[in-house]
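These protein sequence lines are chains C and Y, in that order.
Heads up, the first sequence is in the numbering used here, so the first residue is 6 and it goes up one at a time.
Heads up, the second sequence is in the numbering used here, so the first residue is 6 and it goes up one at a time.
For reference, the structure discussed in these notes is given below.
2 protein chains.
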Amino acid sequence: MERIPTTQVSQHIGQRVRVQGWLHALRKLGGVTFVVVRDGWGTVQAVSEDETELTALSETAGLGAETVLALEGLVVAEAQAPGGVELRQLAVEVFTPVAETLPLPLNKRQIKASLPTLLDHAVVANRHPARRAVFRLAAGAMAGFRATLNGRGFTEIQTPKIVASATESGSNVFQLDYFGRPAYLAQSPQFYKQIMVGVFERVFEVGPVFRAEPHDTTRHVNEYVSLDVEFGFVANHFTVMALARDVIAGILETLQTGYAAELALLEARLPIVPAAIPHIHFAEAQELILQRHGVDVRGEPDLSPQDERWLGQWAQEEHGSDFLFVTGYPMVKRPFYTHPDPTRPGYSNSFDLLFRGVELITGGQRLHRYGEYLAALEQAGYPAAPFESYLEVFRYGMPPHGGFAIGLERLLMQLLDLPNLRLATLFPRDLNRVTP
Amino acid sequence: MERIPTTQVSQHIGQRVRVQGWLHALRKLGGVTFVVVRDGWGTVQAVSEDETELTALSETAGLGAETVLALEGLVVAEAQAPGGVELRQLAVEVFTPVAETLPLPLNKRQIKASLPTLLDHAVVANRHPARRAVFRLAAGAMAGFRATLNGRGFTEIQTPKIVASATESGSNVFQLDYFGRPAYLAQSPQFYKQIMVGVFERVFEVGPVFRAEPHDTTRHVNEYVSLDVEFGFVANHFTVMALARDVIAGILETLQTGYAAELALLEARLPIVPAAIPHIHFAEAQELILQRHGVDVRGEPDLSPQDERWLGQWAQEEHGSDFLFVTGYPMVKRPFYTHPDPTRPGYSNSFDLLFRGVELITGGQRLHRYGEYLAALEQAGYPAAPFESYLEVFRYGMPPHGGFAIGLERLLMQLLDLPNLRLATLFPRDLNRVTP
Chain C
6 MERIPTTQVS
16 QHIGQRVRVQ
26 GWLHALRKLG
36 GVTFVVVRDG
46 WGTVQAVSED
56 ETELTALSET
66 AGLGAETVLA
76 LEGLVVAEAQ
86 APGGVELRQL
96 AVEVFTPVAE
106 TLPLPLNKRQ
116 IKASLPTLLD
126 HAVVANRHPA
136 RRAVFRLAAG
146 AMAGFRATLN
156 GRGFTEIQTP
166 KIVASATESG
176 SNVFQLDYFG
186 RPAYLAQSPQ
196 FYKQIMVGVF
206 ERVFEVGPVF
216 RAEPHDTTRH
226 VNEYVSLDVE
236 FGFVANHFTV
246 MALARDVIAG
256 ILETLQTGYA
266 AELALLEARL
276 PIVPAAIPHI
286 HFAEAQELIL
296 QRHGVDVRGE
306 PDLSPQDERW
316 LGQWAQEEHG
326 SDFLFVTGYP
336 MVKRPFYTHP
346 DPTRPGYSNS
356 FDLLFRGVEL
366 ITGGQRLHRY
376 GEYLAALEQA
386 GYPAAPFESY
396 LEVFRYGMPP
406 HGGFAIGLER
416 LLMQLLDLPN
426 LRLATLFPRD
436 LNRVTP
Chain Y
6 MERIPTTQVS
16 QHIGQRVRVQ
26 GWLHALRKLG
36 GVTFVVVRDG
46 WGTVQAVSED
56 ETELTALSET
66 AGLGAETVLA
76 LEGLVVAEAQ
86 APGGVELRQL
96 AVEVFTPVAE
106 TLPLPLNKRQ
116 IKASLPTLLD
126 HAVVANRHPA
136 RRAVFRLAAG
146 AMAGFRATLN
156 GRGFTEIQTP
166 KIVASATESG
176 SNVFQLDYFG
186 RPAYLAQSPQ
196 FYKQIMVGVF
206 ERVFEVGPVF
216 RAEPHDTTRH
226 VNEYVSLDVE
236 FGFVANHFTV
246 MALARDVIAG
256 ILETLQTGYA
266 AELALLEARL
276 PIVPAAIPHI
286 HFAEAQELIL
296 QRHGVDVRGE
306 PDLSPQDERW
316 LGQWAQEEHG
326 SDFLFVTGYP
336 MVKRPFYTHP
346 DPTRPGYSNS
356 FDLLFRGVEL
366 ITGGQRLHRY
376 GEYLAALEQA
386 GYPAAPFESY
396 LEVFRYGMPP
406 HGGFAIGLER
416 LLMQLLDLPN
426 LRLATLFPRD
436 LNRVTP
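What follows is the structure, given as structure tokens:
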């Protein structure tokens with residue numbers, strides 16, 4: 006008999022079916038045995054009052070949770086059962102017996118393990134339905150990101166991760182031995198995605214980025230997945246913000262429509278993206294904070310996490326929005342390729358998108374003229390030589406352009422309100438962890 | 006006026022439109038000036054007999070190829086023009102003037118530059134329509150790969166590229182400084198994709214892989230994009246081969262239907278994938294070579310490039326197929342996680358897919374029992390300790406599983422019959438090159 010996924014069992018009431026997967030749970034209540042089988046997509050319950058049906062799983066057989074098996078049975082509607090159906094009149098075939106006790110139980114609703122245990126045993130812990138749902142949503146976010154951009158004439162690119170020089174500065178970059186010479190891991194695809202605007206005009210990339218930041222916080226890992234966008238012929242950063250809004254809306258719509266089971270399992274309620282996300286200029290944001298909270302942060306070159314939370318509250322109260330664009334960050338705090346605001350000296354054509362008072366996306370308009378780059382590098386105190394290939398592209402015609410980046414794990418952490426970025430990362434790399 | 010893409014100009018005959026892009030070509034024939042504008046998707050020709058229309062592009066203005074501009078004009082059907090339309094009654098707006106001579110011309114049908122020049126100036130050379138078409142097809146191949154697998158219940162994953170130990174052996178791996186300790190760049194997502202079979206059953210990944218192989222050939226680069234697949238509950242390698250066939254067919258169908266312009270520009274004729282690709286066992290392939298060519302390669306543990314070409318010819322003559330599966334490669338030449346053929350000692354449940362006599366895909370069934378892994382590592386002479394996390398997953402129940410990998414650039418090189426893998430690589434990394 007052909008196996009069917011557990012998620013399709015309810016379509017076969019009155020028929021015998023075969024499912025395959027892992028022995029998720031096995032318990033006896035009086036003379037009744039409940040078996041839960043988990044496959045790649047869901048779980049299904051099976052019930053037997055006849056011990057001979059389950060000889061393969063009897064105590065004497067010594068098999069435990071995560072044993073890989075096939076289960077055949079009659080599909081019966083049963084209101085009490087999870088999903089409204091269960092299997093009866095069972096026949097079991099064991100593929101891979103497991104006798105060892107798991108490093109952490111996978112069949113409790115909540116994961117009963119400390120974070121270190123969870124991470125040490127991630128190869129098994131990620132099988133837990135609540136963990137798995139997070140990473141299924143990661144796949145959904147990538148799909149929604151791509152679908153939104155493919156629909157607008159963007160081309161997907163894959164740019165090199167081994168690079169000859171650091172993207173933004175020489176610090177916080179991993180160095181490697183490239184056939185006896187030093188090379189580095191790309192901190193972002195920034196330069197390459199800009200270069201590719203010259204080829205395709207509109208590009209995006211989904212790929213790993215590497216940050217050698219030696220801090221150990223709940224909000225940082227050293228390798229993560231970056232969803233990067235860059236495109237040409239923008240008027241200014243507001244063109245970029247409009248696209249960023251649509252991309253976030255597209256991701257959320259993909260999750261809402263295609264990943265309902267995962268969202269329900271995680272009890273996640275996704276936010277609504279306003280048709281136009283409210284925006285506030287950096288300088289006015291500082292004025293607002295003084296006005297509302299009596300704290301004078303004017304003159305500070307950046308917003309603190311507290312500032313961001315206050316602004317998030319304001320967006321919620323004033324605009325009923327979980328989202329807020331802060332625009333015009335001071336040039337001193339933005340990377341050298343940032344386009345200045347032509348009307349407001351010292352400020353830039355850049356933005357952050359705050360989600361519930363926490364930064365979710367950073368982006369802006371970039372410089373596009375060769376001379377501007379030479380001046381910006383000199384201003385930043387960087388030598389031009391390591392940037393030679395990057396600079397070449399600006400000698401041969403680049404349109405006004407801009408873009409943004411979304412950290413995939415950061416997005417999931419915030420949407421799902423996870424307490425640690427590591428919980429949104431399949432196999433996190435941090436200051437102390439490079440396995441599993 | 007809103008700009009439209011050049012690819013949509015022919016839908017606006019009789020209307021004035023605005024296009025934006027790069028000055029691809031500018032030439033005078035008598036009193037007539039021909040302007041070709043290239044945007045992110047195509048090119049359009051414009052014609053003027055009135056010099057005052059093109060003052061911005063006059064010789065005195067000193068602007069050259071790749072100047073970024075907007076061009077407005079009336080769309081006129083013109084059988085002589087490329088695409089059957091051209092713009093007249095022109096108005097030009099320059100965004101970014103370019104006065105410098107390009108390092109290589111972008112507006113010749115063929116690229117007139119040596120390979121080193123092309124690669125040194127890839128940031129500009131990739132703008133050439135023929136180069137761009139290759140990388141647009143790369144995007145199409147990724148899209149076709151994902152679409153085929155998403156339609157079959159596969160989940161996309163992104164696994165870490167910084168790893169604690171080498172995947173297959175200690176050689177050919179790039180070492181990096183991870184906060185003062187050694188770490189490595191992943192040679193493949195092999196271990197992680199197998200681990201994730203325990204989570205999602207069916208997974209795929211599109212991402213960079215890193216090979217520190219110190220050879221300088223036309224068929225190798227040191228960083229490339231790998232399209233990886235792994236899935237559970239296979240009967241044996243034939244289940245994997247059936248999926249590999251469908252994935253290749255899905256990729257080709259996506260290219261055929263969505264990328265006709267690129268294929269036409271490159272004069273590429275895509276192959277037909279037979280409903281069932283012919284297959285031959287490794288040992289029989291060696292017998293066949295003896296029979297047909299009088300060369301006795303029996304006992305050799307692998308096929309030579311010449312052997313593969315002969316087999317490709319045979320598949321063409323005997324089966325009319327550009328594709329051939331060779332199955333059952335000797336265990337000694339396959340990685341330690343390869344599943345042996347239970348019926349034929351010394352041979353494995355593995356395969357290569359040859360395309361026109363060259364290897365395109367490698368795959369097979371993997372071991373899935375913990376004890377088998379311990380034995381295989383001992384047999385291979387590897388210590389078990391560096392593989393601890395990987396091995397853990399097999400202690401807790403893995404189904405029979407298998408998978409395969411396709412090198413994206415290799416696929417393009419072979420489909421497009423390119424003479425060098427670097428020509429299918431956006432910004433190649435090799436023994437001597439880590440820029441641009």
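All C-beta atoms, glycine included, are put in the ideal place defined by N, C-alpha and C.
Mind reading off the beta-carbon distance from residue i to residue j? Whole number of angstroms is fine, and I expect it under 8 Å.
{"i": "A406 of chain Y", "j": "V230 of chain Y", "result": "Before going further, note that residue 406 of chain Y is His rather than Ala in the sequence given. At roughly 23 Å, the Cβ-Cβ gap does not stay under 8 Å, so H406 of chain Y and V230 of chain Y are not in contact."}
{"i": "Q94 of chain Y", "j": "L79 of chain Y", "result": "5 Å"}
{"i": "L359 of chain Y", "j": "L316 of chain Y", "result": "6 Å"}
{"i": "A188 of chain Y", "j": "A217 of chain Y", "result": "With 8 Å as the limit, A188 of chain Y and A217 of chain Y do not qualify as a contact, their Cβ atoms being about 14 Å apart."}
{"i": "G237 of chain C", "j": "E206 of chain C", "result": "5 Å"}
Any idea if residue i is buried or exposed, counting beta-carbon neighbours within 10 angstroms, 16 or more meaning buried?
{"i": "R274 of chain Y", "result": "exposed"}
{"i": "T160 of chain Y", "result": "buried"}
{"i": "P388 of chain Y", "result": "exposed"}
{"i": "H344 of chain Y", "result": "buried"}
{"i": "P404 of chain C", "result": "buried"}
{"i": "Q16 of chain Y", "result": "exposed"}
{"i": "S326 of chain Y", "result": "buried"}
{"i": "I253 of chain Y", "result": "buried"}
{"i": "K33 of chain C", "result": "exposed"}
Name, please, each residue of chain Y whose Cβ falls closer than 7 Å to the Cβ of residue i.
{"i": "Y342 of chain C", "result": "The premise fails here: Y342 of chain C is roughly 15 Å from chain Y at the closest Cβ pair, so nothing lies under 7 Å."}
{"i": "T101 of chain C", "result": "H373, R374, G402, M403, P404"}
{"i": "I200 of chain C", "result": "V128"}
{"i": "N131 of chain C", "result": "V204"}
{"i": "L497 of chain C", "result": "Outside the shown range of chain C, which is 6 to 441, sits residue 497 of chain C, and nothing can be said about it."}
{"i": "W27 of chain C", "result": "G402"}
Name the chain C residues that come within less than 7 Å of residue i, Cβ to Cβ?
{"i": "Q180 of chain Y", "result": "L181, D182"}
{"i": "M147 of chain Y", "result": "E161"}
{"i": "E71 of chain Y", "result": "Y401, G402"}
Name the chain C residues whose beta carbon is nearer than 8 Å to that of residue i?
{"i": "H126 of chain Y", "result": "E397"}
{"i": "T483 of chain Y", "result": "Residue 483 of chain Y is absent from the model: chain Y starts at 6 and stops at 441."}
The alpha helix (DSSP H) spanning residue i covers which residue range?
{"i": "K166 of chain C", "result": "K166 of chain C -> no alpha helix (DSSP H), and no H or E assigned at all."}
{"i": "K33 of chain C", "result": "Note, K33 of chain C: premise wrong, no alpha helix (DSSP H); beta strand (DSSP E) at 21 to 34."}
{"i": "T122 of chain C", "result": "120 to 125"}
{"i": "T244 of chain Y", "result": "242 to 263"}
{"i": "R8 of chain C", "result": "Looking at the DSSP string, R8 of chain C is not in any alpha helix (DSSP H), and its letter there is neither H nor E."}
To which residues of the same chain is residue i closer than 8 Å at the C-beta, ignoring the five residues directly before and after it?
{"i": "T11 of chain Y", "result": "V24, G26, V42, R43, D44, W46, G47, T48, V49"}
{"i": "E364 of chain Y", "result": "E313, D357, L358"}
{"i": "L421 of chain C", "result": "V139, L142, L271, A273, A429"}
{"i": "E258 of chain Y", "result": "G149"}
{"i": "R21 of chain Y", "result": "M6, E77, G78, L79, V80, Q94"}
{"i": "L436 of chain C", "result": "P219, H220, D221, N227"}
{"i": "T106 of chain Y", "result": "G69"}
Where do the N-terminal and C-terminal ends of the beta strand (DSSP E) with residue i fall, by residue?
{"i": "I285 of chain Y", "result": "284 to 286"}
{"i": "L345 of chain Y", "result": "Leu is not the amino acid found at residue 345 of chain Y; the sequence shown has Pro there. Unbroken run through P345 of chain Y: none, as it is neither H nor E."}
{"i": "S53 of chain Y", "result": "48 to 53"}
{"i": "S231 of chain C", "result": "228 to 237"}
{"i": "S394 of chain C", "result": "Taken as a continuous stretch (DSSP letters only), S394 of chain C belongs to no beta strand (DSSP E), being part of the alpha helix (DSSP H) at 393 to 400."}
Leaving out five residues before and five after residue i in sequence, what residues of the same chain have Cβ atoms less than 6 Å from its Cβ?
{"i": "P102 of chain C", "result": "L68, T72"}
{"i": "A290 of chain C", "result": "L316, V331"}
{"i": "Y395 of chain C", "result": "F196"}
List the residues of chain Y whose Cβ lies closer than 9 Å to the Cβ of residue i, in chain order.
{"i": "I167 of chain C", "result": "F179, L190, P213, F215, N227, E228, R434, V439"}
{"i": "T48 of chain C", "result": "Within 9 Å Cβ-Cβ: nothing; T48 of chain C doesn't reach chain Y, min ~13 Å."}
Would you mind telling me which residues of chain Y sit closer than 8 Å to residue i, beta carbon to beta carbon, in chain order?
{"i": "E105 of chain C", "result": "R400, Y401"}
{"i": "D44 of chain C", "result": "E206"}
{"i": "S193 of chain C", "result": "Those within 8 Å of S193 of chain C in chain Y number zero; the least Cβ separation is about 14 Å."}
{"i": "S231 of chain C", "result": "Under the 8 Å cutoff, chain Y gives no residues; its nearest Cβ is about 10 Å from S231 of chain C."}
Residues in the same chain with beta-carbon distance under 7 Å from residue i, minus the five sequence neighbours each way, listed in chain order, please.
{"i": "L382 of chain Y", "result": "F341, A389, F392"}
{"i": "A171 of chain Y", "result": "V178, Y189, Q192"}
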